[in-house]
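Trainee:
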Amino acid sequence: MNLARYVISLFVILSLNFAIPRAMPGDTMTNLLGEDVILDDTLVQEIRREMGLDLPLREQYLMYWKDIMHLNLGYSYHFHSPVLPLVLERMKWTLLISAPPLIVGAVLGTLLGALAGWRESMRSRLQTLIFLIIYSTPPYFLALMSLYIFGFQLGWVPMKGFYTTGSAGNIIHHIILPVVLMSLFSASRNYMIMRGSVIQERQMLYVLYARAKGLYDSQILFRHVFRNAALPIITLVALDFGFIFSGALFIEMVFSMRGMGNLIYSALLYRDYPVLQGSFLVITLMVITANVVADVIYGILDPRVRGR
Amino acid sequence: MSLLELRSLSVTFSTPSGFVKAASDVAMSLEEHETLAIVGETGCGKSVIANAIMRLLPENASITGSVIYRGMDLLKLSEREMARIRGREISIIFQNPSAAFNPVHRILDQISEPLLIHLGISKHSAIDEAEGILCALGLNGAGRLYPFQLSGGMNQRAMIACSSILRPRLLIADEPTKGLDHGMVNAALELIRSVRDESGASLILITHDLDVALSSSDRIAVMYCGEIVEMGKTEDVLGDPAHPYTEALRESMPDRGFRPIPGNTPSMVSPPAGCRFHPRCAFKMNICSRERPPLNNSCERSVRCWRCI
Numbered sequence: 614m615n616l617a618r619y620v621i622s623l624f625v626i627l628s629l630n631f632a633i634p635r636a637m638p639g640d641t642m643t644n645l646l647g648e649d650v651i652l653d654d655t656l657v658q659e660i661r662r663e664m665g666l667d668l669p670l671r672e673q674y675l676m677y678w679k680d681i682m683h684l685n686l687g688y689s690y691h692f693h694s695p696v697l698p699l700v701l702e703r704m705k706w707t708l709l710i711s712a713p714p715l716i717v718g719a720v721l722g723t724l725l726g727a728l729a730g731w732r733e734s735m736r737s738r739l740q741t742l743i744f745l746i747i748y749s750t751p752p753y754f755l756a757l758m759s760l761y762i763f764g765f766q767l768g769w770v771p772m773k774g775f776y777t778t779g780s781a782g783n784i785i786h787h788i789i790l791p792v793v794l795m796s797l798f799s800a801s802r803n804y805m806i807m808r809g810s811v812i813q814e815r816q817m818l819y820v821l822y823a824r825a826k827g828l829y830d831s832q833i834l835f836r837h838v839f840r841n842a843a844l845p846i847i848t849l850v851a852l853d854f855g856f857i858f859s860g861a862l863f864i865e866m867v868f869s870m871r872g873m874g875n876l877i878y879s880a881l882l883y884r885d886y887p888v889l890q891g892s893f894l895v896i897t898l899m900v901i902t903a904n905v906v907a908d909v910i911y912g913i914l915d916p917r918v919r920g921r
Numbered sequence: 068m069s070l071l072e073l074r075s076l077s078v079t080f081s082t083p084s085g086f087v088k089a090a091s092d093v094a095m096s097l098e099e100h101e102t103l104a105i106v107g108e109t110g111c112g113k114s115v116i117a118n119a120i121m122r123l124l125p126e127n128a129s130i131t132g133s134v135i136y137r138g139m140d141l142l143k144l145s146e147r148e149m150a151r152i153r154g155r156e157i158s159i160i161f162q163n164p165s166a167a168f169n170p171v172h173r174i175l176d177q178i179s180e181p182l183l184i185h186l187g188i189s190k191h192s193a194i195d196e197a198e199g200i201l202c203a204l205g206l207n208g209a210g211r212l213y214p215f216q217l218s219g220g221m222n223q224r225a226m227i228a229c230s231s232i233l234r235p236r237l238l239i240a241d242e243p244t245k246g247l248d249h250g251m252v253n254a255a256l257e258l259i260r261s262v263r264d265e266s267g268a269s270l271i272l273i274t275h276d277l278d279v280a281l282s283s284s285d286r287i288a289v290m291y292c293g294e295i296v297e298m299g300k301t302e303d304v305l306g307d308p309a310h311p312y313t314e315a316l317r318e319s320m321p322d323r324g325f326r327p328i329p330g331n332t333p334s335m336v337s338p339p340a341g342c343r344f345h346p347r348c349a350f351k352m353n354i355c356s357r358e359r360p361p362l363n364n365s366c367e368r369s370v371r372c373w374r375c376i
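Protein chains in written order, with the working numbering: chain A, 614 to 921; chain B, 68 to 376.
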């Protein structure tokens with residue numbers, strides 16, 4: 614049942630992806646090629662024919678699906694490259710800086726948040742204050758500040774890019790600051806949600822009953838409360854995963870990293886629709902996959918969801 | 068020596084609207100194999116007593132006095148020592164079984180949990196034992212289900228099994244019949260009584276239903292506004308109440324004419340001076356509003372009323 618829902622959403626989103634450039638005002642081909650490409654008329658006619666833009670919409674639509682099935686995402690005249698290898702190459706780098714923070718942030722935020730929500734202490738209050746400050750600072754501001762301090766003033770990390778020599782150590786040196794920053798952001802969000810969730814669960818009767826059975830403090834937290842309180846985190850992490858590429862945009866801009874976020878940004882600036890279409894396709898697939906995975910995990914953790 | 072003795076136990080909650088005196092100067096004792104009923108209106112402090120004995124009160128509660136269980140003062144134990152007593156020596160049955168179970172764990176895992184944490188036996192044999200107990204209760208197969216898949220009555224039987232699985236010496240049942248329909252009340256009581264007799268435990272039965280107290284308890288303590296106002300053998304107290312509140316409580320039962328007690332439940336933040344029941348009492352004297360009556364002991368009956376001195 615759920616699977617059908619996801620297949621339908623995928624179908625609808627991809628159809629919209631087909632429709633949007635064609636619904637734009639102006640010439641479809643200018644929209645599809647991008648505005649900065651200047652060609653003479655005969656060449657335009659030739660490309661138009663080659664791309665099938667002289668065909669009726671119905672046939673164009675069928676061709677669009679056929680291309681997707683063959684993983685043919687078109688050609689970017691702006692980047693002078695087929696879209697698919699371009700997107701894959703950029704994805705690789707963005708995943709490298711976004712995936713570790715996603716995992717570290719989820720684990721760290723959830724654990725610390727659970728402990729802070731369970732027992733109030735001087736330390737947990739200070740911790741909450743720090744995470745709250747990170748949580749409420751705009752990401753680009755913190756990124757700029759830390760780039761200024763650690764990159765420019767102290768010179769601990771390079772100012773830009775993914776690598777200079779390309780060795781593993783060199784890459785790590787380049788990405789360490791953005792990775793730490795994004796981990797902190799992700800952790801602070803998960804921390805806040807988990808802390809609130811544990812505070813709420815703490816009032817439940819089953820927690821009191823667990824204590825009445827003879828469970829000791831931390832046993833109650835990890836045997837009983839944690840699983841119930843962590844349920845909202847799953848949704849959050851799934852959302853983060855779905856928007857991993859667009860989420861990295863600010864960081865990539867500040868650290869001048871040529872990843873997915875930067876690709877989407879420049880494609881937007883230059884109206885490079887094939888690249889935008891390709892990126893949307895990838896984002897769509899990620900969001901839907903993340904939702905499927907979240908659904909499955911929910912089912913495993915919460916029997917009440919499984920029954921439905 | 069009594070199994071349990073409460074000595075001038077007082078519980079105060081600090082809340083934004085002031086200090087709530089939920090229990091004041093409560094003294095009572097419980098012998099081995101004895102059943103004591105605690106009755107009174109909602110909010111009179113009966114459940115607070117139960118939770119104070121097990122030290123399950125929230126952090127804003129302050130407890131004074133002592134709870135002597137087999138010679139040790141439970142209020143002086145560390146949290147870790149107390150955890151070893153909870154569930155093994157003293158167990159509680161809550162009034163809302165469906166919420167007392169964790170929604171994301173199987174019934175079987177939750178019932179076998181006391182075995183795991185107190186006896187340190189293997190998970191496999193704990194599950195086996197729990198399964199046997201569920202079968203004996205007619206809940207075959209229910210152990211593999213989750214609390215939301217069982218009815219309230221089934222959850223309650225499962226909780227009684229869970230609370231008594233280690234054969235505790237003291238069982239506390241906090242309003243076990245609240246919210247059950249009439250047919251279920253007797254079944255639930257029957258089960259609690261049989262569990263009590265099987266493990267040779269003493270029972271504290273907290274209820275607002277005098278019929279339940281009458282059918283299942285040896286002695287009874289009547290509470291009003293955080294105080295014990297009358298205590299004695301159940302038949303004596305309910306058959307011939309000495310305190311006007313006990314009398315009024317009896318008259319308010321459906322089969323005795325359903326006559327409500329006049330006036331409102333007093334504030335627990337600033338309880339009435341003198342006898343706490345005097346604003347609602349039909350036999351009020353001058354002294355009642357000035358001085359607090361002591362709990363007067365005579366021939367196995369204690370009464371807190373100026374008329375009985």
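The beta-carbon is built from N, C-alpha and C at its ideal position, and this holds for glycine as well.
#1: Which residue from 668/A, 681/A and 665/A puts its Cα closest to that of residue 953/A?
#2: Of all the alpha helix (DSSP H) runs that stay within the bounds of the segment 648 to 736 of chain A, which reach a length of 4 or more residues?
#3: Evaluate the contact criterion for the segment 130 to 137 of chain B versus the segment 320 to 336 of chain B: three or more CB pairs, one atom per stretch, below 8 Å.
#4: Count the C-beta pairs between the segment 751 to 770 of chain A and the segment 784 to 792 of chain A that are closer than 8 Å, then say yes if the count reaches three, no if not.
#5: With residue 136/B as the anchor, note down where its beta strand (DSSP E) starts and where it stops.
#6: So residue 241/B and residue 325/B are in contact, right, with Cβ under 8 Å, and what is the actual spacing, rounded?
#7: Please check if any C-beta of chain A sits within less than 9 Å of the C-beta of residue 342/B.
#8: Quick one: what's residue 95/B bridged to in DSSP?
#9: Judging by CA-CA distance, which residue of 72/B, 348/B and 169/B is the nearest neighbour of residue 839/A?
#10: Check the Cβ-Cβ distances between residue 222/B and every residue of chain A, and say whether any is below 9 Å.
#11: Helix, strand or coil for residue 110/B per DSSP?
#12: Do you know how far the Cα of residue 726/A is from the Cα of residue 103/B?
#13: What did DSSP end up calling residue 363/B once you bin it into helix, strand or coil?
#14: Below 9 Å between beta carbons: does that hold for residue 344/B and residue 308/B?
#15: I want to verify the contact list: residues of chain B whose CB lies under 8 Å from the CB of residue 819/A, in sequence order.
#16: Check whether the Cβ of residue 914/A lies closer than 9 Å to any Cβ atom in chain B.
#17: Let me check understanding here. Comparing Cα to Cα, which of 96/B, 357/B, 220/B and 182/B lies closest to residue 339/B?
#18: Can you list, in chain order, the residues of its chain whose CB lies under 8 Å from that of residue 220/B, leaving out five sequence neighbours each side?
#19: Would you report the Cα separation of residue 164/B and residue 154/B, rounded to the nearest angstrom?
#20: How about residue 907/A: is its C-beta nearer than 9 Å to some C-beta of chain B?
#21: Could you check whether the segment 776 to 783 of chain A touches the segment 849 to 858 of chain A, counting it as contact only if at least three pairs of C-beta atoms, one from each stretch, sit closer than 8 Å?
#22: Which same chain residues end up closer than 7 Å to residue 260/B when comparing Cβ atoms and leaving out the 5 residues on each side of it in sequence?
#23: Give the residues of chain A in contact with residue 215/B, contact being defined as C-beta atoms less than 7 Å apart.
#24: Which residues in chain A sit within 7 Å of residue 121/B, going by Cβ to Cβ distance?
#25: Leaving out the 5 sequence neighbours to the left and right, which residues in its chain are closer than 6 Å to residue 800/A when beta-carbon positions are compared?
#26: Can you check which of these residues, 630/A, 620/A and 676/A, is closest to residue 889/A by C-alpha distance?
#27: Looking only at C-alpha atoms, which of 809/A, 699/A and 864/A sits nearest to residue 690/A?
#28: Please tell me whether residue 794/A and residue 752/A are closer than 9 Å, where the distance is taken between their beta carbons.
#29: Applying a beta-carbon distance threshold of less than 9 Å, which residues of chain A neighbour residue 358/B?
#30: I'd like to know if residue 158/B contacts chain A, where contact means its C-beta is closer than 9 Å to some C-beta of that chain.
#31: Are three or more beta carbon pairs between the segment 872 to 884 of chain A and the segment 701 to 710 of chain A nearer than 8 Å?
#32: For residue 85/B, which of helix, strand or coil comes out of DSSP?
#33: According to the Cβ coordinates, are residue 271/B and residue 232/B closer than 9 Å?
#34: On the premise that residue 77/B lies in contact with residue 92/B, defined as a C-beta separation below 8 Å, what is that separation, rounded to the nearest angstrom?
#35: Does DSSP put residue 303/B in a helix, a strand or coil?
#36: The beta strand (DSSP E) that contains residue 289/B, what's its start and end?
Mentor: According to the data block:
#1: Outside the displayed range of chain A (614 to 921) lies residue 953/A, so it cannot be described from this structure.
#2: 654 to 663, 670 to 682 and 696 to 731
#3: no
#4: yes
#5: Locating residue 136/B in the second sequence gives position 69, counting from the first residue. Note, residue 136/B: beta strand (DSSP E), 128 to 136.
#6: If you number the second sequence from 1, residue 241/B lands on position 174. If you number the second sequence from 1, residue 325/B lands on position 258. Going by Cβ atoms, the distance from residue 241/B to residue 325/B rounds to 25 Å, so no, they are not a contact pair.
#7: Residue numbering aside, residue 342/B sits at position 275 when the second sequence is read from its first letter. So no, residue 342/B is outside the interface.
#8: In the second sequence, residue 95/B corresponds to position 28, counting from 1. Answer by DSSP bridge pairing, in chain order: 73/B.
#9: Taking the first residue of the first sequence as position 1, residue 839/A is located at position 226. Among 72/B, 348/B and 169/B, the Cα nearest to that of residue 839/A is on 169/B.
#10: Counting from 1 along the second sequence, the entry for residue 222/B is found at position 155. So, not an interface residue.
#11: The sequence position of residue 110/B within the second sequence is 43, counting from 1. Coil, per DSSP.
#12: For the purposes of this step, residue 103/B is taken as residue 36 along the second sequence, with counting starting at 1. For the purposes of this step, residue 726/A is taken as residue 113 along the first sequence, with counting starting at 1. So the two alpha carbons sit approximately 43 Å from each other.
#13: Taking the first residue of the second sequence as 1, we reach residue 363/B at position 296. Residue 363/B: strand per DSSP, three-state reduction.
#14: Taking the first residue of the second sequence as position 1, residue 344/B is located at position 277. Taking the first residue of the second sequence as position 1, residue 308/B is located at position 241. No, the Cβ-Cβ distance between residue 344/B and residue 308/B is not below 9 Å.
#15: Locating residue 819/A in the first sequence gives position 206, where the first residue counts as 1. Simply 166, 167, 168, 169 and 170.
#16: Along the first sequence, read from residue 1 onward, the residue named residue 914/A stands at position 301. Output row for residue 914/A: interface = yes.
#17: On the second sequence, residue 339/B is found 272 positions in, with the first residue counted as 1. The option with the nearest alpha carbon to residue 339/B is 357/B.
#18: By one-based count along the second sequence, residue 220/B stands at place 153. The residues are 247, 251, 254 and 255.
#19: Within the second sequence, the letter at position 97 stands for residue 164/B. Within the second sequence, the letter at position 87 stands for residue 154/B. Roughly 16 Å separates the two Cα atoms.
#20: Against the first sequence, residue 907/A aligns to sequence position 294. No, no contact with chain B.
#21: no
#22: Your numbering for residue 260/B matches position 193 in the second sequence. So the qualifying residues of the chain are 283.
#23: On the second sequence, residue 215/B is found 148 positions in, with the first residue counted as 1. 917, listed in chain order.
#24: Here residue 121/B refers to the residue found at position 54 when the second sequence is read from its first residue. Those within 7 Å of residue 121/B in chain A are 825.
#25: Start at 1 with the first residue of the first sequence, and residue 800/A comes out as number 187. So the qualifying residues of the chain are 718, 721 and 722.
#26: Counting from one through the first sequence, the residue named residue 889/A turns up at place 276. The candidate whose alpha carbon is nearest that of residue 889/A is 630/A.
#27: Within the first sequence, the letter at position 77 stands for residue 690/A. Of 809/A, 699/A and 864/A, the residue nearest in Cα terms is 699/A.
#28: Taking the first residue of the first sequence as 1, we reach residue 794/A at position 181. Taking the first residue of the first sequence as 1, we reach residue 752/A at position 139. Yes, the pair counts as a contact, with Cβ atoms nearer than the cut-off.
#29: Along the second sequence, one-based indexing puts residue 358/B at 291. The contacting residues do not exist; residue 358/B stays about 38 Å from chain A at best.
#30: Taking the first residue of the second sequence as position 1, residue 158/B is located at position 91. At least one chain A Cβ lies under 9 Å of residue 158/B.
#31: yes
#32: For the purposes of this step, residue 85/B is taken as residue 18 along the second sequence, with counting starting at 1. The answer is strand: DSSP assigns residue 85/B an E or B state.
#33: Here residue 271/B refers to the residue found at position 204 of the second sequence. Here residue 232/B refers to the residue found at position 165 of the second sequence. Going by C-beta atoms, residue 271/B is not nearer than 9 Å to residue 232/B.
#34: Your numbering for residue 92/B matches position 25 in the second sequence. Your numbering for residue 77/B matches position 10 in the second sequence. So it is a contact: roughly 6 Å between Cβ atoms.
#35: As a position in the second sequence, residue 303/B is number 236, starting the count at 1. In this structure, residue 303/B counts as helix in the three-state DSSP scheme.
#36: Here residue 289/B refers to the residue found at position 222 when the second sequence is read from its first residue. Per DSSP, residue 289/B belongs to the beta strand (DSSP E) from 286 to 291.
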